[in-house]
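Student: In full-length UniProt numbering, the protein residues as written are 1 to 224. Don't be surprised by glycine CBs; every beta carbon is placed ideally from N, CA and C. This one's a predicted model, so the numbers in the text were calculated from it and none came from an experiment. Pasting a structure below so you can have a look.
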DNA sequence: AGCACA
């Protein structure tokens, strides 16, 4: 503290010799500013600061988790999401269990466990329809809940006015990369109490959205 | 119960 005070007390004269810890540490260009997929996932200015805090290891871990769950590297996310509303409406997209890697699915950590081996319902989609949100909740709050889940892409809040009481109620739609990942988050957050003090009103109810077309990576044409 | 965005 003495050093700081001394420096503060004598600002007019700059020391001719370089201090032991030179301040200019900034690079001219941040080469590791973020993975290309990160830029695609966070196009808004609100979350632009997020990619600065993402370390390389985190990006690798996320990719590895997605790889474990889907067997597909995460850098080609555009190929994962297809327009489900087209011709696939009646049947499940694919059999989620693969013959060879059943043993690896069992040791998936964290939120991604449990659902990977269960077959998806026929109406499954990669978008979740969430109700039971308190009227004053923000998009940032909801994003905090869903962001840790693997495959999370975006959350969209919708304000609806209740028919009976005139209350403002909030719905939201949450996009995931795959329907399987959406199902994982749905199971984990079903009945989640948004306000822990008010046990009656605020608990989440999640379903698969009816019309999932959220244009995940820019455009309805996803055919490669 | 309730389903929007392109």
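Within the same chain, show all residues whose beta-carbon is closer than 7 angstroms to that of residue 159, passing over the 5 residues directly before and after it, in chain order.
Tutor: Here the set comprises 168, 170.
Student: Quick one: what does DSSP say residue 131 is sitting in, helix, strand or coil?
Tutor: Residue state, collapsed to three classes: strand.
Student: With residue 153 and residue 177 assumed to form a contact (beta carbons below 8 angstroms), what rounded beta-carbon distance in angstroms separates them?
Tutor: Confirmed, Cβ separation roughly 6 angstroms.
Student: Nearest-angstrom Cα distance between residue 125 and residue 181?
Tutor: Their Cα atoms are separated by approximately 10 angstroms.
Student: With distances taken Cα to Cα, identify the nearest neighbour of residue 208 among 196, 186, 202.
Tutor: Cα-wise, what sits closest to residue 208 is 186.
Student: Kindly give me the distance between the Cβ atoms of residue 132 and residue 205, rounded to whole angstroms, as I take these residues to be in contact under 8 angstroms.
Tutor: With 8 angstroms as the limit, residue 132 and residue 205 qualify as a contact, their Cβ atoms being about 5 angstroms apart.
Student: Considering just the uninterrupted stretch of the alpha helix (DSSP H) at residue 136, what are its terminal residues?
Tutor: Counting along the chain, residue 136 falls outside any alpha helix (DSSP H), and DSSP gives it neither H nor E.
Student: If distances are taken between C-alpha atoms only, which option among 190, 183, 212, 188 comes closest to residue 118?
Tutor: Minimum Cα distance to residue 118 is reached at 183.
Student: What number of angstroms, rounded off, separates the C-alpha of residue 142 from the C-alpha of residue 212?
Tutor: Their backbone Cα atoms lie some 19 angstroms apart in a straight line.
Student: Would you list the one or two residues that DSSP bridges to residue 205?
Tutor: According to DSSP, residue 205 bridges with 131.
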